Each structure stands twice: as structure tokens, then as C-alpha cells.
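Our numbering puts the first sequence at residues 30 to 595. All C-beta atoms in this analysis are idealised placements derived from N, C-alpha and C, irrespective of residue type, glycine included. All figures in this text were calculated on a predicted structure; none of them were measured in a lab.
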Amino acid sequence: MTTPTPAGPSDFIRELVAADRAAGKHAGRVVTRFPPEPNGYLHIGHAKSICLNFGIANENPGGICHLRFDDTNPTTEDPEYVEAIQEDVRWLGFDWHDKLFYASDYFERLYGFAVTLIKKDKAYVDSLSADQMRDYRGTLTDPGRNSPFRNRPVEESLALFERMRAGTFPDGTHVLRAKIDMASPNINLRDPVLYRIRHAAHYRTGTAWCIYPAYDFAHPLSDAIEGITHSICTLEFEDHRPLYDWVVAETDAPHRPQQIEFARLNLTFAVMSKRKLLELVEKNLVAGWDDPRLPTLKGLRRRGVTPDAIRAFCEHIGVAKRDAVVEMQLLEHFIREDLNKRSPRVMAVLKPLKVIIDNYPEQTVEELDAVNNPEDPSAGIRQVPFSRTLYIEQDDFREDPPKQFFRLAPGREVRLRYAYIIKCVGVVKDPQTGVITELHCTYDPETKSGASHEQRKVKATIHWVSAPHAVPAEVRLYHPLLTADLSKVTPDQDWTHYLNPQSLERLADCVVEPSLRGVQPGTRVQFERQGYFCVDPDSSAQTPVFNRTVSLKDAWAKIEKSQRLR
RNA sequence: UGGGGGAUCGUCUAGCGGUAGGACGCCGGCCUUUGGAGCCGGCUACCUAGGUUCGAUUCCUAGUCCCCCAGCCA
């Protein structure tokens, strides 16, 4: 029997957690953690992990998810990122309560665990250079060789490790290594580095330390210290798991967390690697980490995406172990679906063309009823002013209309949304340039929108804004940043030439209906026939700035169109 | 060529020995007082070869392909 897709999210990790609870493992407790390194801003890929970890904690009674900063590398980390990451997790709608931790808070305890290991002769101070170590490590197919320092007496390692901490040695002269097996087929087990010397100021511990624990040492022990039950990470750590377990076991840590791996999120046409995102920001190829063209949470927020849409997307894509590349169209679908429900429809003209209704009284202003959201009757109606002089979209008029063009043209009729049917009776051009400067139309007073009698048919309805009431606005259209799939680009290849140099289009002469005067930053609206816009949440400009990210489909259509014209 | 993982519509994902389901996408139609909206219909998949079985996407065997690992990054 085929069963329909279950209503709630379910995946192998949730099943495993459920099985552990049922078996009474960890006394039925569920403790997860989201452990970012504060070396960049969070993006949609992190959202998958956040939704998973916090989601599992929320779904299980008494479950909790810690937020832990994995800040063990002083050279890449910055408090700016710590702040931004916390904002983003909260914005996404998750709460770590009082469970905010820093791996750097464990430095003293971690040092103690390391000393324990040395005393058990399970770790030693190695004095090989980095190059020598690489040489001794062997290759994928050849086993490694023992370091000449591997059998250093425990007392000597202990003393050396103490002096490493004291700052006696320069960077790179010594490391602390686990004593496991240099011939292991798993390279991670060939005496991995546990501590390295780094004379660098840490953003939290300052210069208190000049040795820093490596991920493979700090992470399992941080999990153990915090009583994490399920340590969920991405696939590339699968062959670190034996080391993870080794560290927890050999240090006699107070608790045995379990590492579980899942496939990270890849999105087509999105720059997701922190290295590349950093490069974009540092080379000023984008305006910052919150540039709406970026898949960062801050960027998505500025283009009007809601946390609800991101969470719905993350739930839908599922959790599995196979490598996956999700299509951008799927993300866009969830964004549209969400925005459709919540964004009021308003009228705006992006490229204005003046229209004068010759037979409409000069001083008259009518207030016409407009529906705020056809999908949500509770959103109600508003009034929009109508007058003799209007703006319509330049694209809605063609002097010489092609076959499939049904909007305004000389002698033709269209309906003005919420208003009257008008007919174009005259075209005024600049005598110098020949550019159309205004249209003259007549209106039919019998055709007012909502009038119950005799429905006249017109081929098209267009939007408009009353000129004397129009509110000036700026619109920024963000096209997809990339025109190629970056996953095909090798790490050392220059990838920035794939960026679309025309990815930002600024339209300065836009007008919007008066109901948008003084609208709050962050407000999401749908412009009639133009798509979803968000009043830039972080803009302090006098005139409202509307952001819109152009969908892949539209972007491609535009590219094709421009190619046809050539 | 060592080790660790993974293969189901174009893309994600379900299935746990009994007619391969959902979503996105795409195609067609309807709607037309806006649509990047809505409604209706259609499309395409079990990596290969053997075996076990009444019956295999599911179990077994062999193979193929893809991903990850040789940082004193995480």
C-alpha cells in the first residue's frame, strides 16, 4: 500500500531521535545544538540546519537546542558575526532561551582534557614543521609514518605543552597531537592535531591564550560538556566520527553525545560558500552581507522574504544523506506562496507616462474603492483618488501595437483598474526627440468599476496613479547575481566573471499611490502586474525605496528578449 | 588504485516484500476588473547485472557512477 506523504515533517534523524527516546537513551532527553563559527553571516543553507536542530528540540517534550559559537580560530572570527548570527536565528523564529554558549568559554576545561590525554600517553607534543607533518602523514593510498617525536616521554610532552600555553614558542613550532594510528586508512585518525600555537588576539579571550584547540578536539568535548544528545552536522564530517568518538571516550568526558550527519543544502544559482560570500563583500561586488541578491538571511529579509517562507521551504526540502541541489525555483515558489497571502495589492507606476482625460472635469477628485487583497477578504478595502491627470506604465501603451498587445494604443480602449474604461484619442511627442510625452484619452462615465449594469468588455486592465496625488518612490530591481551554476567552478578558478554586472536596476522616477505615503520600512506589497516589493527595511531615504528580486524565470525571459533584439 | 558515504521523475522527496506517492518544474486548457494570482488536465523515475521469492525500489551478491577525506580551517 502506498501511503500519502505524512502531514508533519519526518526524516531519518527525527526517526532516530524518536527511537532513542523510546529506548530511554539519555533518560529520554533531547538536546541539540546549532554551532556556527562566527566568521560570516548566516545564509539559507544554515537555515536548513537551524530548522532541523531547533525543530527537533521543539518537537520533543523538554527538548532544547543550544546556540554555541564554535570560536576556536581567533584569526577569522569577529564579534560583528556573533551579533548578526544571533539576530538571524531570532529572526527565523527560534529561541535558545538561556542556552547561549561559546567554545572559547571551555578553553580552560579543554586544556585540562588535553593534559589528561597526555598523561594517558594518548597525546604528545610534536615538533615537526607543517610541511614535515604533511610528508609524514602519507597519502590516501600510502600509510603515514610515525613522527620522530611520537615516543616523547609523557613528562616531556607535559612540560612542552605547558610552555606552549605560556607563550614560550612561536607559531608553528609545536603542536599537540592525538596518538592514534599513523597507518589508519582513515586519514583523520593519523595522529590529528589537537592544539596549535597562534599568537593572535581572540575576540573574546583576548591574549589570555596563545594555543587554540582544533575543531576535532573542541567540538566533541563542547558537545559532551553541554550534554548534547544528538550532534547533527553535515556529511563531510562523516569520517571524523571515529575521531569524535575517540576524543569523547579517551578523555573520560562526562557524557557521550552521538554525531549524525545529513546532506547540506545546495541551491542552484546561489553563492553559498562562506569563502565566496566573503570575497563578494570584501571586493565590493555587492553592497554588503545584506545585499538582496545574496542568499544570506539578511539579504533575503531585505528583499521581503519572511521567516515563514524560509521555514516552509526548509521543511519541504527534507533531510537525507544523498547530495542534493535544490532548484532556486522551489525557494521562489515558497516565497511567492507566502507573500501572496500577506502582501496587500497596491498600484504603482514604475516608468510613468502622463495621461490626460480630456472629458474629465478639471477640479474633480473621486475616491474609488480598491480591494487590498483578493485572497484575504479581511484585509478590507481602501480608497484611491482618481483625477483628470494620471500616470500609467510606459509599457502599457504602444503607438504601433504588435499582434498580441491588447493594452492601450491609439483609438483603443482599456479599463483602468477600479476606475473607468478610457480610450486613447491623442499622442503628444517631443518635437525634438520624437519621444512620447503624454497621452490624451477620453473616459466613459458609464463604465465606473463596480457599476452593476451592462458590462462592456475590454481586452485589458491596466494600473495607474493619479498624478497630483502620486507619491514619488525609488525602485531597485535585483536580478539574479549569477548566470551560471557555480558548482561547476573549481575552487581556484576565478568565478566572479559569472556575476551578472547588470544585476541591479535602479528606477528613480517611480510613483506609487498615496496610501503608501510614509509606509513603514519592511512593509511588503504587491504592485499590480509588477510583482512583490518590500520597502527596504534598512533604508532611511526620504522617498520610499522598494526592493524586488527578479525571479529566475523573469530574468531569463529578459535575457532571451534582449538576445532576440540583437 | 586507501577509507568513509550515496544512488527513485528534469529537481527535491516518500516508500521499509504486495499496483512507485507528493511538491517544484514543464506542457495544454480555463479565468480575464491586475497577476510572478487562481482553477482544471497532462508529463516523466526505482544505476546495471545476477540471485532469493508466488512477487524485489525494498533482501543477498557482483559491478557502475557520484560525493567527501592527505589544513597547525570548521
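Residue i versus residue j: straight-line alpha-carbon distance, rounded
| i | j | result |
| --- | --- | --- |
| Tyr70 | Ala316 | 14 Å |
| Arg535 | Leu511 | 18 Å |
| Asp171 | Ser213 | 10 Å |
| Asn402 | Pro249 | 51 Å |
| Ser416 | Ala408 | 25 Å |
| Ile289 | Ser569 | 45 Å |
| Ala448 | Ala338 | 34 Å |
| Asp127 | Asp164 | 46 Å |
| Asp459 | Val384 | 15 Å |
| Asp49 | Gln287 | 11 Å |
| Leu359 | Gly440 | 43 Å |
| Pro431 | Val400 | 32 Å |
| Arg227 | Phe198 | 10 Å |
| Lys582 | Glu356 | 12 Å |
| Arg192 | Gly141 | 15 Å |
| Gly479 | Ile410 | 13 Å |
| Ala159 | Gly92 | 43 Å |
| Ile254 | Ile346 | 32 Å |
| Ala52 | Trp275 | 24 Å |
| Gly201 | Ala353 | 38 Å |
| Pro108 | Lys54 | 37 Å |
Nonlocal neighbours in the same chain, by C-beta distance under 7 Å from residue i, ignoring five residues either side
| i | result |
| --- | --- |
| Arg181 | Tyr153, Val154 |
| Leu223 | Ala143, Ala152, Leu205, Arg206, Ala207, Pro242, Ala243, Phe246 |
| Gly599 | A question about residue 599 goes unanswered here, because the residues of the chain that appear run from 30 up to 595. |
| Glu112 | none |
| Asn215 | Asp268, Pro271 |
| Met211 | Pro172, Gly173, Arg174, Asn175, Arg219, Asp220 |
| Pro497 | Ser416, Thr418 |
| Leu528 | Leu314, Leu510, Leu511 |
Same chain only: Cβ atoms within 6 Å of residue i, ignoring 5 sequence neighbours per side
| i | result |
| --- | --- |
| Lys305 | none |
| Ser532 | Arg322, His508, Leu510 |
| Leu437 | Asp425, Phe426, Val443, Cys453 |
| Asp387 | His469, Thr471 |
| Val413 | Leu397, Ala399, Glu542 |
| Gly455 | His469 |
8 Å CB neighbourhood of residue i in its chain, flanking five on each side removed
| i | result |
| --- | --- |
| Ala341 | Phe363, Glu366, Asp367 |
| Gln549 | Val564 |
| Ser331 | Per the sequence shown, the amino acid found at residue 331 is Arg instead of Ser. Correct list, in chain order: Asp319, Asp320, Pro321, Cys563, Asp565, Pro566, Asp567, Asn576. |
| Ile42 | Leu81, Ile85, His259, Ile261, Ile289, Phe291, Val348 |
| Cys539 | Ala377, Val378, Leu379, Lys380, Pro381, Pro501, Ala502, Glu503, Val504, Phe575 |
| His231 | Asp100, Pro103, Glu106, Ser133, Ala237, Trp238, Tyr241 |
Cβ neighbour criterion (16 or more within 10 Å) applied to residue i
| i | result |
| --- | --- |
| Arg485 | exposed |
| Asn313 | exposed |
| Asp565 | buried |
| Asp2 | Since the first and last residues shown for the chain are 30 and 595, residue 2 lies out of range. |
| Thr61 | buried |
| His95 | buried |
| Pro221 | buried |
| Leu419 | buried |
| Val118 | buried |
| Val46 | buried |
| Glu137 | exposed |
| Phe435 | exposed |
| Lys488 | exposed |
| Pro64 | buried |
| Thr578 | buried |
| Met30 | Only weak support is given to the placement of Met30: the predicted model assigns it a pLDDT of 29, under 50, and the value that follows is read from those uncertain coordinates. So Met30 ends up on the exposed side. |
| Ser39 | exposed |
| Val598 | One cannot answer for residue 598 here, as it falls past the ends of the chain, which runs 30 to 595. |
For residue i: DSSP bridge partner residues
| i | result |
| --- | --- |
| Cys94 | Thr61 |
| Cys262 | Glu290 |
| Val355 | Leu296 |
| Cys453 | Cys470 |
| Thr393 | Thr393 is not bridged to any residue. |
| Arg374 | Gln555 |
| Leu205 | Val154, Tyr224 |
| Lys458 | Ile465 |
| Leu382 | Ile421 |
*Tell me the start and end of each unbroken beta strand (DSSP E) in the segment 118-203 that is at least 3 residues and wholly inside, in chain order.*
For the segment 118-203, whole beta strand (DSSP E) runs of length 3 or above, ordered along the chain, are 129-131, 152-155.
*Taking the runs of the beta strand (DSSP E) that are 3 residues or longer, which of them lie wholly in the segment 460-521?*
DSSP runs (the beta strand (DSSP E)) wholly in the segment 460-521: 465-473, 493-495, 500-507.
*Along the chain, which unbroken stretches of the beta strand (DSSP E) at least 3 residues long are found entirely within the segment 399-445?*
Counting whole runs of 3 or more residues, the segment 399-445 contains the beta strand (DSSP E) stretches 410-415, 418-422, 442-445.
*Which whole runs of the alpha helix (DSSP H) in the segment 268-307 are 4 residues long or more, in chain order?*
For the segment 268-307, the continuous alpha helix (DSSP H) assignments of 4+ residues that do not extend past its boundaries occur at 270-279, in sequence order.
*Quick one: complete beta strand (DSSP E) runs, 3+ long, within the segment 511-581?*
DSSP runs (the beta strand (DSSP E)) wholly in the segment 511-581: 533-541, 553-556, 560-564, 574-578.
*Hey, which unbroken runs of the alpha helix (DSSP H) at 4 residues or more fall wholly within the segment 213-257?*
Segments of the alpha helix (DSSP H) lying fully in the segment 213-257: 244-255.
*Pick out the complete beta strand (DSSP E) segments inside the segment 304-348, 3 residues or longer, and give them in chain order.*
Taking only runs of at least 3 residues, no beta strand (DSSP E) segment lies wholly in the segment 304-348.
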